[in-house]
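Heads up, the sequence shown is in our numbering, so the first residue is 2 and it goes up one at a time.
Using N, Cα and C, we set each Cβ at its ideal position, and we do this for glycine too.
Have a look at the structure below, then the notes.
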Amino acid sequence: MSATGVRSDLWAEFIETREQKLREELITEYAPLVRFVVGRLGIPPTSLLEFDDLVSYGMIGLINAIDRFETGRDVPFEAFATPRIRGAVIDHLRSLNWQPRAAVSRVRQVEAALASVEQRMGRPAKEEEVAGELGVSVERYRQMLVDASTTVLSLDVPINSLQDDEMSPLKDLLEDEDAPGPAEAAERQELAIALSAAIDQLPERERLLLALYYQEELTMKEISKVLSVSESRVCQLHMQAIMRLRGVLHTHRTEDPPQVEKQTTKRAQQKAEAQEKQPASQAEETKEVVAGGKRKRLVS
Numbered sequence: 002m003s004a005t006g007v008r009s010d011l012w013a014e015f016i017e018t019r020e021q022k023l024r025e026e027l028i029t030e031y032a033p034l035v036r037f038v039v040g041r042l043g044i045p046p047t048s049l050l051e052f053d054d055l056v057s058y059g060m061i062g063l064i065n066a067i068d069r070f071e072t073g074r075d076v077p078f079e080a081f082a083t084p085r086i087r088g089a090v091i092d093h094l095r096s097l098n099w100q101p102r103a104a105v106s107r108v109r110q111v112e113a114a115l116a117s118v119e120q121r122m123g124r125p126a127k128e129e130e131v132a133g134e135l136g137v138s139v140e141r142y143r144q145m146l147v148d149a150s151t152t153v154l155s156l157d158v159p160i161n162s163l164q165d166d167e168m169s170p171l172k173d174l175l176e177d178e179d180a181p182g183p184a185e186a187a188e189r190q191e192l193a194i195a196l197s198a199a200i201d202q203l204p205e206r207e208r209l210l211l212a213l214y215y216q217e218e219l220t221m222k223e224i225s226k227v228l229s230v231s232e233s234r235v236c237q238l239h240m241q242a243i244m245r246l247r248g249v250l251h252t253h254r255t256e257d258p259p260q261v262e263k264q265t266t267k268r269a270q271q272k273a274e275a276q277e278k279q280p281a282s283q284a285e286e287t288k289e290v291v292a293g294g295k296r297k298r299l300v301s
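What follows is the structure in structure tokens.
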């Protein structure tokens, strides 16, 4: 939805005149973008806030984006507006004390339990194993994951702290190769390698979920149809995957640097060797997933 055609004319006139009527037309034109962004935030259906409440907060971000957007930039409005819409929603949740200490503490307990079981077993932990580590039932553990999804929204949350805005979000490590200096660039590269290796070790369904959400940009509702599970279950699986990744990266950052370098290099070499041995037909194998009437292609 870049500013072309009728939209381009509307933008040009608004930039020149700043008329309120044109501003309202742009808000109406891009209102569906707000619903799309909010739908991808992953706030569970059991949340205390209704979906339309979150949309209203997102509209504040949309209006801010419209007022600040410059058509001369080589950036689509959607790309410019999306982080502002998402940020407006998250900022409002924080203003409501959406992350009380008890909730943050429970998130860290789950992260620690996942990491402990997986380190001990040498494989991804099963739900019943994590529940046993926490001393709760599987049903209670799943509810803890749903509750956590309102505290740790997604890969957009910083690595080291649930409330530290200066840390890099996990997804940026996979997308942004720019860094102010060699030291930070090297650190980001190491973390990106660790994150990629951690994703490779996730259970297949969680890997597919992350691909559908972050690469194919499906909403939680669409993913629930693809996986044939409830939307609440998608939230649980998404949060479990995020906590696995956060635990791996927290361990990575607290390990001895030489040991980290050795491990990441070994993982990269193993991955390269596996790709070389993989038959061409298997390497090109793809899965077709039908979601919302549209076919999505995912590289296996």
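Flag this pair as yes or no: are the beta carbons of residue i and residue j separated by less than 9 Å?
i: A114; j: V131; result: yes
i: G62; j: V90; result: yes
i: L112; j: R208; result: The sequence shown places Glu at residue 112, not Leu. Not a contact, by the Cβ cut-off of 9 Å.
i: R41; j: Y214; result: yes
i: S150; j: G43; result: yes
i: F78; j: Y142; result: no
i: A199; j: V249; result: yes
i: L11; j: L34; result: no
i: L196; j: L238; result: no
i: S225; j: E232; result: yes
i: L203; j: R245; result: yes
i: R24; j: I67; result: yes
So, helix, strand or coil for residue i, using DSSP?
i: G136; result: coil
i: K226; result: helix
i: Q110; result: helix
i: A13; result: helix
i: D75; result: coil
i: E218; result: coil
i: R124; result: coil
i: G43; result: coil
i: S197; result: helix
i: S117; result: helix
i: Q237; result: helix
i: Q202; result: coil
i: K263; result: For K263, the predicted model reports a pLDDT of 48, less than 50, meaning its position is unreliable and no value from the coordinates is stated.
Span of the alpha helix (DSSP H) holding residue i?
i: T29; result: 21-40
i: F78; result: 78-96
i: R206; result: 205-211
i: G59; result: 52-69
Could you tell me whether any Cβ in chain C is nearer than 9 Å to the Cβ of residue i?
i: R121; result: As a matter of chain content, chain C is missing from the structure shown, which is built from one protein chain.
So, for residue i: in the same chain, excluding its five sequence neighbours on each side, which residues have a beta-carbon less than 8 Å away from its beta-carbon?
i: T220; result: F37, G40, R41
i: I16; result: E71, T72
Just to confirm my understanding: we take residue i, look at its own chain, exclude 5 residues before and 5 after, and list those with CB closer than 6 Å. What are they?
i: D75; result: none
Once you ignore the five residues that flank residue i on each side, which residues in its own chain have a CB closer than 7 Å to its CB?
i: I64; result: I28
i: E129; result: V139
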